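Numbering (this note's numbering), first residue to last: 1215 to 1706.
Here's the structure we're looking at; comments come further down.
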Ligand code: ADP
């Protein structure tokens, strides 16, 4: 009980990365913004509970440099067949939320990145980290009601918890949630590292045999609740097209699978305050966007009239994102009036293809092969359309950012894209973007052609932009959905 007479609900949020300490991808955004939104929930939204949420991340080499203001809070060991491995835990705060950094030999081999690309190495690190987090809570006698893990890296904590709950009074009443941010990444290659940490693969026949020693499936088998990062992705993963071979197993767990869409930090992504923009604007002064477009035309040396639509791609250059589909579609509609900027890095073949397209259409296409957040902001704030032809998209943030900046998404109707974009149609007035069905160049080309024709109608386009900008993509609603899941457990 707290001073206010409320009960405390303790949530241990465990992730491979968390902004502002370390961010490599979308998971880092979520691990920053979701705990913050939960922490900021108004009392009263949670019945008689107050949330005590704490974040645990590995003390990656890059994080260590930022832990100067952190204090050591625990020292203990994690047993391993090669000998006990010492763990040191440091604590700091972000947005009044305690954050714990876990260090130890498997976490800091020299300047190891967050994801090394070698799952054997990453398995060592993340299994050690997952077990250390569970042991740490006991060391500081802080008994979590909920363990909230994310993706394969921390799925082993969920699996281990399910074993501990059987005879360990400390964890007897702890419930687990495993959020899937990207199902295909199951931790393949890390299997050999389980045994050293005393973790036996499952023998459960519910999982296909090939998945019984993979961290993500092991976590999905034992989690009390599985959350996909959008409602549509939660249904898609039950199908052969998106289930990565786990669809039949996930079907057996269907009653515990739900979808909660991610949000964006609307104060960080705000065209009214974004200092990266040549001109800041609001829905009331939307015409100012044209100055940003003009600046982009100058920066990228387009000699065309500003009336020509500017199409953008801001993405990892990865087959998942359908970059090849975008390139193919632009080629198909090259005789229409448009210019395009492709911003991204990733697979070298796709980088090369983007460069080739720009060489082929020197008046129309520019390829910026780099990771540049400020440039991405300038593009969101000046381009007319953003292509997202993803083959699969668990949630996607770029389309939400684009809409907030009045840059209209042209996206495949899948996962979080389908859940966050309302397809434009001349017959109704709800559209916020353009959706197409199949991940093929001709479908995207069709959608782009439609968008280009709507763009001609300045009034219709402006209404579309205003509707897109007025969508609520804040974390408020998703945080409430997570909080309700937590409460369901403790109230059941
Ligand atoms: P992902 O699957 O890569 O996490 P999301 O759409 O969820 O895709 O998030 C991508 C984020 O990364 C967006 O904020 C987008 O603006 C940003 N981003 C992608 N590529 C680049 C780049 N080359 N430069 C700057 N930002 C980028």
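C-beta: ideal position from N, C-alpha, C; glycine also.
As the structure is a prediction and not an experimental result, all values here were calculated from the model.
Just tell me which of the options has its CA closest to the CA of residue i.
i	options	result
residue 1293	1705, 1427, 1276 and 1345	1345
residue 1235	1249, 1261, 1220 and 1277	1277
residue 1616	1604, 1638 and 1591	1591
residue 1328	1362, 1232, 1407 and 1416	1232
residue 1335	1702, 1406 and 1298	1406
residue 1661	1317, 1602, 1341 and 1429	1602
residue 1401	1427, 1343 and 1485	1427
residue 1421	1459, 1386, 1586 and 1388	1459
residue 1639	1558, 1301 and 1669	1669
residue 1238	1321, 1633, 1513 and 1585	1585
residue 1614	1634, 1692 and 1624	1634
residue 1642	1674, 1654 and 1653	1674
residue 1476	1702, 1261, 1706 and 1688	1688
residue 1727	1543, 1692, 1564 and 1515	Any question about residue 1727 goes unanswered here, given that the chain covers just 1215 to 1706.
residue 1637	1653, 1448, 1678 and 1499	1678
residue 1552	1543, 1559 and 1423	1543
residue 1419	1466, 1291 and 1449	1466
residue 1656	1468, 1545 and 1450	1545
residue 1412	1623, 1298, 1397 and 1515	1298
Give every residue of the same chain whose Cβ lies closer than 6 Å to the Cβ of residue i, excluding the five residues on either side of it in the sequence, and list them in chain order.
i	result
residue 1454	1461
residue 1224	1266, 1358 and 1359
residue 1621	1594, 1597 and 1600
residue 1526	1555, 1593, 1597 and 1600
residue 1340	1367
residue 1726	Any question about residue 1726 goes unanswered here, given that the chain covers just 1215 to 1706.
residue 1541	1567 and 1571
residue 1588	1490
residue 1250	1309
Near residue i, which residues of its chain fall below 8 Å by C-beta distance, leaving aside the five closest residues on each side in sequence?
i	result
residue 1395	1240, 1241, 1244, 1364, 1365, 1443, 1608 and 1609
residue 1694	1255 and 1259
residue 1663	1547 and 1550
residue 1569	1581 and 1583
Our contact map puts residue i next to residue j with C-beta atoms below 8 Å; I'd like the distance itself, whole angstroms only.
i	j	result
residue 1681	residue 1645	7 Å
residue 1612	residue 1528	6 Å
residue 1305	residue 1285	6 Å
residue 1333	residue 1414	About 19 Å; that fails the 8 Å criterion.
residue 1478	residue 1441	Their Cβ separation, rounded to whole angstroms, is 18 Å, which puts residue 1478 and residue 1441 out of contact at 8 Å.
residue 1497	residue 1473	Residue 1497 to residue 1473, Cβ: 29 Å. No contact.
residue 1739	residue 1410	Lying before the first or after the last residue shown, residue 1739 is absent from the chain, which here runs from 1215 to 1706.
residue 1524	residue 1510	7 Å
residue 1303	residue 1314	5 Å
residue 1270	residue 1354	So it is not a contact: roughly 12 Å between Cβ atoms.
residue 1539	residue 1658	6 Å
residue 1316	residue 1290	Their Cβ separation, rounded to whole angstroms, is 11 Å, which puts residue 1316 and residue 1290 out of contact at 8 Å.
residue 1252	residue 1697	6 Å
Going along the chain, which residues of its own chain have a beta-carbon closer than 7 Å to the beta-carbon of residue i, five neighbours each way excluded?
i	result
residue 1384	1352 and 1357
residue 1375	1348, 1361, 1385, 1388 and 1390
residue 1704	1223 and 1359
residue 1653	1536, 1539, 1603, 1605 and 1626
residue 1483	1615 and 1618
Say whether the segment 1367-1378 touches the segment 1432-1447, bearing in mind that this needs 3 or more beta-carbon pairs closer than 8 Å, one atom from each stretch. Yes: at least three Cβ pairs fall under 8 Å.
Evaluate the contact criterion for the segment 1614-1628 versus the segment 1648-1667: three or more CB pairs, one atom per stretch, below 8 Å. The answer is yes - the segment 1648-1667 touches the segment 1614-1628, with three or more Cβ pairs under 8 Å.
Taking contact to mean at least 3 C-beta pairs separated by less than 8 Å, is the segment 1575-1582 in contact with the segment 1531-1540? Taking one beta carbon from each stretch, the segment 1575-1582 and the segment 1531-1540 have fewer than 3 pairs nearer than 8 Å; the two do not touch.
Three or more beta-carbon pairs under 8 Å between the segment 1220-1237 and the segment 1342-1356, yes or no? Using a C-beta cut-off of 8 Å, the segment 1220-1237 makes contact with the segment 1342-1356, since at least three inter-stretch Cβ pairs fall below that distance.
Where in the segment 1245-1286 do unbroken runs of the alpha helix (DSSP H), each at least 4 residues long, occur, reported from the N-terminal end onward? Correct list: 1275-1278.
Run through the segment 1465-1548 for me and flag every whole beta strand (DSSP E) of 3 or more residues, listed as ranges in chain order. Segments of the beta strand (DSSP E) lying fully in the segment 1465-1548: 1471-1473 and 1524-1531.
Sequence ranges, beta strand (DSSP E) only - wholly within the segment 1621-1669, length at least 3: As far as the segment 1621-1669 is concerned, its whole beta strand (DSSP E) runs of at least 3 residues are 1622-1626 and 1648-1650.
Curious, which full-length beta strand (DSSP E) runs of at least 3 residues does the segment 1407-1453 contain? Counting whole runs of 3 or more residues, the segment 1407-1453 contains the beta strand (DSSP E) stretches 1439-1442.
Which runs of the alpha helix (DSSP H) at least 4 residues long sit entirely within the segment 1325-1401? Give them in chain order. Here the runs fully enclosed are 1333-1353 and 1365-1381.
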